[in-house]
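Colleague: Under the working numbering, the first residue of the sequence shown carries the number 20, and numbering increases by one thereafter. Next up is a structure, given as structure tokens.
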Amino acid sequence: LNEYSKDEDLGNRTYNHYLQAIDSLCNWCVLTRRLAANPLLGMEKLNEATDVRRKRRALLPNEFAMLLESARSSGVDIQCYDGETRARIYFLSYMTGLRRKELASLTPNSFRLDDNPPNLTVEAACSKHRREDTLPVHPKLVEKLRDWLKGHSDDEVLFPKLARRRTWLMVKKDLERVGIPYITTDGVADFHAAGRHTHITELMRSGASVTEAMELARHSDVKMTMRYVHIGINDQARALVGLPVPEEPESKEEPGPSAAKAS
20 LNEYSKDEDL GNRTYNHYLQ AIDSLCNWCV LTRRLAANPL LGMEKLNEAT
70 DVRRKRRALL PNEFAMLLES ARSSGVDIQC YDGETRARIY FLSYMTGLRR
120 KELASLTPNS FRLDDNPPNL TVEAACSKHR REDTLPVHPK LVEKLRDWLK
170 GHSDDEVLFP KLARRRTWLM VKKDLERVGI PYITTDGVAD FHAAGRHTHI
220 TELMRSGASV TEAMELARHS DVKMTMRYVH IGINDQARAL VGLPVPEEPE
270 SKEEPGPSAA KAS
């Protein structure tokens with residue numbers, strides 16, 4: 020694995036994925052008595068934070084609004100989707116935090132808009148952790164979905180072939196059309212960043228607890244959730260304003276030597 024990592028210039032994250040896969044195979048071999056013990060037991064993973072190959076950034080609310088308007092008013096198709104369809108994909112990604120493959124699996128049957136609260140279900144086969152997930156749906160998204168789902172059969176995929184499309188290219192072109200750089204010193208604003216990263220960041224900015232954000236993101240580890248939260252110096256300054264300032268008791272001045280002499 021070390022030799023392959025050097026030959027292919029693998030990042031630490033990719034290295035860890037390979038290590039996890041091999042470790043799982045060894046555990047299976049032990050379970051089925053093909054091996055007496057797991058030879059990789061205790062092998063440490065690499066620190067992913069020290070080797071970030073694709074740094075992402077969340078969009079600001081005004082930037083995301085401009086992205087939607089850019090798509091709708093573009094008048095061009097990108098990756099076989101017209102502007103209105105791209106805007107719907109972006110909006111749905113941001114409002115739900117779903118990944119591209121999960122968005123690609125959605126049909127009208129995925130939604131229960133009349134339940135309390137309204138919710139959507141991601142099938143286990145399409146979820147990253149292979150588990151069926153049920154998520155609440157934002158009231159504003161419910162309003163739009165009632166209109167968007169009209170004319171679709173119950174099991175008809177809303178965005179055909181989305182999982183195979185170069186969604187990063189869609190976002191890049193729609194951002195650049197309104198003068199928003201795709202790559203800055205803060206990172207790249209690809210499809211995953213513009214949707215899922217922005218979703219989780221804005222959850223935290225809106226006052227959601229870390230636990231609530233972790234559950235909505237469907238992460239098993241809060242450390243993973245915090246990788247998606249992009250809090251800058253302006254956010255820190257706003258938080259600092261709310262810090263209570265302790266009131267100091269008024270000090271009673273005692274007369275100094277000069278005052279005593281004068282009296």
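Every residue gets a Cβ at the ideal spot worked out from N, C-alpha and C, and that includes glycine.
1. Take residue 213 and list the residues in its own chain whose beta-carbon comes closer than 6 Å to its own, dropping the five residues that flank it on each side.
2. Whole angstroms are fine: how far does the CA of residue 221 sit from the CA of residue 257?
3. Once the 5 residues before and after residue 60 are set aside, which same chain residues still bring their CB inside 6 Å of it?
4. Starting from residue 138, trace the beta strand (DSSP E) both ways and give me its first and last residue.
5. Using 10 angstroms around the beta-carbon of residue 102, count the other beta-carbons present and answer buried if the total reaches 16, otherwise exposed.
6. I need the straight-line Cα distance from residue 203 to residue 112, nearest angstrom please.
7. Going by the CB atoms, is the gap between residue 157 and residue 127 shorter than 8 Å?
8. Does the structure place the stretch 167-187 close enough to the stretch 82-100 that three or more beta carbon pairs sit under 8 Å?
9. Ignoring anything shorter than 3 residues or poking outside the stretch 209-268, list the beta strand (DSSP E) runs there in chain order.
10. Counting C-beta neighbours from all protein chains within 10 Å, is the total for residue 116 16 or more, i.e. buried, or is it exposed?
Modeller: For this structure:
1. Around residue 213: 78, 190.
2. Residue 257 and residue 221: Cα-Cα distance of roughly 14 Å.
3. Same-chain partners within the cutoff: there are none.
4. Residue 138: member of the beta strand (DSSP E) spanning 138-141, first to last residue.
5. Buried.
6. Going by C-alpha positions, residue 203 is about 22 Å away from residue 112.
7. Not in contact: residue 127 and residue 157 (Cβ atoms no closer than 8 Å).
8. With three or more CB-CB distances shorter than 8 Å, the stretch 82-100 counts as touching the stretch 167-187.
9. Segments of the beta strand (DSSP E) lying fully in the stretch 209-268: there are none.
10. Classification of residue 116: buried, given that the 10 Å Cβ count is 16 or more.
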